[in-house]
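Undergrad: Quick note on my numbering: the sequence shown kicks off at 6 and runs consecutively.
Ideal Cβ placement from N, Cα and C applies to all residues, glycine included.
Quick caveat: nothing in here was measured; it's all calculated off a predicted structure.
Sending over a structure as structure tokens; questions will come in a sec.
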Amino acid sequence: MEAPRKSLLKLKKKQIAIKVKGYRPTKDSEPYFQEYKIPLKPDMVVLDALNYIKDNIDGSLTYRWSCRMGVCGSCGSNVNGKPKLTCETFIDDVGDNLTVEPMARFPIIKDLVVDIDSFMTKLKDVKPWIINETEKPIEKGENLQTPEQVDLYKQQSMCINCMLCYSACPVVGTEDDFIGPAALALSYRYNMDSRDQGEKERLKITSSEEGVYGCSWIGECTSVCPKNVDPAIAIQKLKLTGSLQTIKELLLPKFVK
Ligand code: SF4
Ligand code: FES
Numbered sequence: 006m007e008a009p010r011k012s013l014l015k016l017k018k019k020q021i022a023i024k025v026k027g028y029r030p031t032k033d034s035e036p037y038f039q040e041y042k043i044p045l046k047p048d049m050v051v052l053d054a055l056n057y058i059k060d061n062i063d064g065s066l067t068y069r070w071s072c073r074m075g076v077c078g079s080c081g082s083n084v085n086g087k088p089k090l091t092c093e094t095f096i097d098d099v100g101d102n103l104t105v106e107p108m109a110r111f112p113i114i115k116d117l118v119v120d121i122d123s124f125m126t127k128l129k130d131v132k133p134w135i136i137n138e139t140e141k142p143i144e145k146g147e148n149l150q151t152p153e154q155v156d157l158y159k160q161q162s163m164c165i166n167c168m169l170c171y172s173a174c175p176v177v178g179t180e181d182d183f184i185g186p187a188a189l190a191l192s193y194r195y196n197m198d199s200r201d202q203g204e205k206e207r208l209k210i211t212s213s214e215e216g217v218y219g220c221s222w223i224g225e226c227t228s229v230c231p232k233n234v235d236p237a238i239a240i241q242k243l244k245l246t247g248s249l250q251t252i253k254e255l256l257l258p259k260f261v262k
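Here it is in structure tokens:
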């Protein structure tokens, strides 16, 4: 177990150095680190440090953020080599040899901003919405669920689409078409919803070559998730339901809807 870190402020540090990876595709042949010195404040998170640099040292530094409270999912970066939400990562917890890089496994657009188009396409592909032809119209009242029914999908529904799990996944790094952890976990989330009837439709996609069978079950997706979603387990469960569906279709084709 790692020894608890002493607060940098308690060590009487007044400022820290932070190395941020920069890249301007129109003028740089490759990304490079730039070092900034910033004043240390109590409870400072990495996003505060980036905002300090932007406001006081280098206004051209480019990165994404919005909510500042771990909800919007837009501030993901690699902090000291690990995928993290910069708004939730305290500088005291990562120490003073601080490096911030764009999320790995995504093409860089500028500085810390990456191209998320392929993730957005994969997300849409798994149909992460309720599919139900017979659902009663809203005017006829709510579609109630029991707490037990909600428990079946609640954990996997906490995803904020931050993509840290893609940045951590070794398969995403080698197989461009792999649907990937968050999209597969969301597919499982909707399959488990008692209001949904789209499981068969989604299984066709998630049981394809680009789907669950690409997963090498390293589990990095689950360990880096800031919202306690468990894509690794969702993928294994999708494997099981996909295989059972195939067996049913082979042995009992007449009874499979
Ligand atoms: S599963 Fe977790 S790490 Fe992956 S996108 Fe969702 S919230 Fe982020
Ligand atoms: S700024 Fe919204 S999650 Fe970090």
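Pick helix, strand or coil for Q20, following the three-state DSSP scheme.
TA: Position 15 of the sequence shown, counting from 1, holds the residue named residue 20. Reduced to three states, the DSSP call for Q20 is strand.
Undergrad: Nearest CA to the CA of V99: which residue from M108, M197, V84?
TA: Indexing the sequence shown from 1 puts residue 99 at position 94. Looking at the Cα atoms, V84 is the closest of the given residues.
Undergrad: On the criterion of 16 or more Cβ atoms from any shown chain inside 10 Å, does T246 qualify as buried, or is it exposed?
TA: Position 241 of the sequence shown, counted from the first residue, corresponds to residue 246. Result: buried.
Undergrad: Along the chain, where does the alpha helix (DSSP H) containing D124 start, and where does it finish?
TA: Working through the sequence shown from its first residue, we reach residue 124 at position 119. It is worth fixing the name first, because residue 124 is Phe in this sequence and not Asp. Looking at the DSSP string, the run of the alpha helix (DSSP H) that includes F124 is 122 to 130.
Undergrad: Out of L208, P186, L256, state which residue places its alpha-carbon closest to the alpha-carbon of V234.
TA: Looking up residue 234 in the sequence shown gives position 229. Comparing Cα-Cα distances from V234 to each of L208, P186, L256, the minimum goes to P186.
Undergrad: Let me know if E106 comes out buried or exposed under the rule of 16 or more other beta-carbons within 10 Å of its beta-carbon.
TA: Mapped onto the sequence shown, residue 106 falls at position 101. Buried.
Undergrad: Quick check: is any heavy atom of the ligand FES less than 7 Å from the C-beta of L55?
TA: In the sequence shown, the residue the question calls residue 55 occupies position 50. Not so, every heavy atom of the ligand FES lies at least 7 Å from the Cβ.
Undergrad: Under 8 Å between the Cβ atoms of T227 and V131?
TA: Within the sequence shown, the letter at position 222 stands for residue 227. Within the sequence shown, the letter at position 126 stands for residue 131. Not a contact, by the Cβ cut-off of 8 Å.
Undergrad: Run the CB neighbour count on I135, radius 10 Å, all protein chains shown included, and call it buried at 16 or more, exposed below.
TA: Your numbering for residue 135 matches position 130 in the sequence shown. Under this definition I135 is an exposed residue.
Undergrad: On the CB-based measure, 16 or more other CB atoms within 10 Å of its CB, does A173 come out buried or exposed?
TA: By 1-based counting over the sequence shown, the position of residue 173 is 168. With 16 or more other Cβ atoms within 10 Å, it is buried.
Undergrad: Flag this pair as yes or no: are the beta carbons of L189 and L243 separated by less than 8 Å?
TA: In the sequence shown, residue 189 corresponds to position 184, counting from 1. In the sequence shown, residue 243 corresponds to position 238, counting from 1. Their beta carbons are under 8 Å apart, which means L189 touches L243 by this criterion.
Undergrad: Determine, using beta carbons only, whether I184 and G224 come nearer to each other than 8 Å.
TA: Here residue 184 is taken as the residue at index 179 of the sequence shown, counted from 1. Here residue 224 is taken as the residue at index 219 of the sequence shown, counted from 1. For I184 and G224, no; Cβs fall outside 8 Å.
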